[in-house]
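One structure is given below, encoded as structure tokens.
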Amino acid sequence: MPHSNEVLSIRHLRKAQTDISHLTKPDMEPSLDQLRKNYERFDDNKLTRIATEEAAGLRPEAVDLLKQVIKERGLSGSIIKGIDAQLQEVDDRILSEYAELLRGLPCPLCKSTDEKLNATMTGSVISFIIMTNYQKELKVACPNCLDKANDRAMIKSALFGWWGFPWGIIRTPQALLLNNKMKKQNRLSEPNDLFNAFVLGKIGRLEANRNNPTELQEIIEHIR
Ligand SMILES: [Zn+2]
């Protein structure tokens, strides 16, 4: 059958065309209608979380839509401000304003307000024969509590880190070094780099809650 190849190739071409038209359909990312349905399905908490923590990752039409849905729900206007804060360039003045706002709060661990808060990273290693777990954790607290957190992580690693081969032997000194290095930043009078990075990452929630001490406290108590 001399024509069969040709027929086959035309059929293939047609199929390829449908595939392409399917691929180029605008529904590759959710349409605005679809997006609206999604937003409407979310409860107020989830909507607030997206608005104050994830707005920077949304396309501009989605941001507008999100603002619209928030207004329709009658949610606080400060949430809209929280969206805008994430989309703006954050200059040093704004950053240090937010940093000072948080640093004056009571320490989430000991509740003291004697010293301004700062941030540290703890590194703890726990090994069990061939399994080694290296966990890094960001903490926001007063300098005394930060020191204690680093000390605890070092003691824990020194006691339980070494016993894994090979990672326990490799990770344990790394963790001890990390805690030691971090401790040097715990008592700086200004916010350390880690604290500033933390503030920058929370800029939307901070703006939305700048006059809400309970929610500000929540931001430093439950770091996620
Ligand atoms: Zn404390």
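For our numbering, count along the sequence shown from 1 and bump the result up by 1052.
We treat Cβ as the ideally placed atom computed from N, Cα and C, and that holds for glycine.
1. Tell whether a beta-carbon distance below 9 Å holds between V1192 and P1160.
2. Please determine whether the Cβ atom of N1196 lies at a distance below 8 Å from any heavy atom of ligand 1.
3. Where I1169 and L1084 are concerned, what is the direct C-alpha to C-alpha distance, given to the nearest angstrom?
4. According to DSSP, which residues form a beta bridge with L1190?
5. Using 8 Å as the Cβ pair cut-off and three pairs as the minimum, do the region 1184 to 1191 and the region 1140 to 1159 touch?
6. Is it the case that the CB of K1089 approaches a heavy atom of ligand 1 more closely than 8 Å?
7. Okay, do the region 1214 to 1225 and the region 1246 to 1264 touch, 3+ Cβ pairs below 8 Å being the bar?
8. What are the start and end residues of the alpha helix (DSSP H) that includes Q1120?
9. Decide yes or no for the touch test of the region 1230 to 1246 against the region 1169 to 1185: beta carbon pairs closer than 8 Å, at least 3 of them.
10. In the DSSP assignment, what residue or residues form a beta bridge with N1185?
11. Between L1084 and ligand 1, is the CB less than 8 Å from at least one heavy atom?
12. Who are the near neighbours of M1206 in its chain, counting only those whose CB is closer than 6 Å to its CB and skipping five residues on each side?
13. Is the closest heavy atom of ligand 1 to the C-beta of A1017 under 8 Å?
14. Go ahead and pull the three-state DSSP assignment for K1163.
15. Leaving out the 5 sequence neighbours to the left and right, which residues in its chain are closer than 7 Å to K1133 when beta-carbon positions are compared?
Quick look at the numbers:
1. What you label residue 1192 is simply residue 140 of the sequence shown in a count that begins at 1. What you label residue 1160 is simply residue 108 of the sequence shown in a count that begins at 1. In this structure, P1160 lies closer than 9 Å to V1192 by Cβ.
2. Against the sequence shown, residue 1196 aligns to sequence position 144. Of the heavy atoms belonging to ligand 1, at least one sits nearer than 8 Å to the Cβ of N1196.
3. Start at 1 with the first residue of the sequence shown, and residue 1169 comes out as number 117. Start at 1 with the first residue of the sequence shown, and residue 1084 comes out as number 32. Looking at the sequence shown, residue 1169 is not Ile but Leu. Distance between the alpha carbons of L1169 and L1084: 43 Å.
4. One-based indexing of the sequence shown puts residue 1190 at position 138. DSSP, once it has assigned bridges, lists M1173 as partnering L1190.
5. Flag = no, the region 1184 to 1191 and the region 1140 to 1159 do not touch.
6. Walking along the sequence shown from the start, residue 1089 turns up at place 37. No, the Cβ of K1089 stays beyond 8 Å of every heavy atom of ligand 1.
7. No: fewer than three Cβ pairs fall under 8 Å.
8. Walking along the sequence shown from the start, residue 1120 turns up at place 68. Element bounds for Q1120: P1112 to R1125.
9. They touch, by the three-pair rule.
10. Working through the sequence shown from its first residue, we reach residue 1185 at position 133. Residue pairing from DSSP places N1185 in a beta bridge opposite I1178.
11. Looking up residue 1084 in the sequence shown gives position 32. Result no, Cβ not under 8 Å from ligand 1.
12. The residue you call residue 1206 lines up with position 154 of the sequence shown. If we look at M1206 and ignore the five residues flanking it on each side, its Cβ neighbours are L1228 and N1231.
13. What the structure shows of the chain is the stretch from 1053 to 1276, and residue 1017 is not part of that stretch, so it cannot be assessed.
14. Taking the first residue of the sequence shown as position 1, residue 1163 is located at position 111. K1163 falls in the coil class under three-state DSSP.
15. Taking the first residue of the sequence shown as 1, we reach residue 1133 at position 81. E1259 and A1260.
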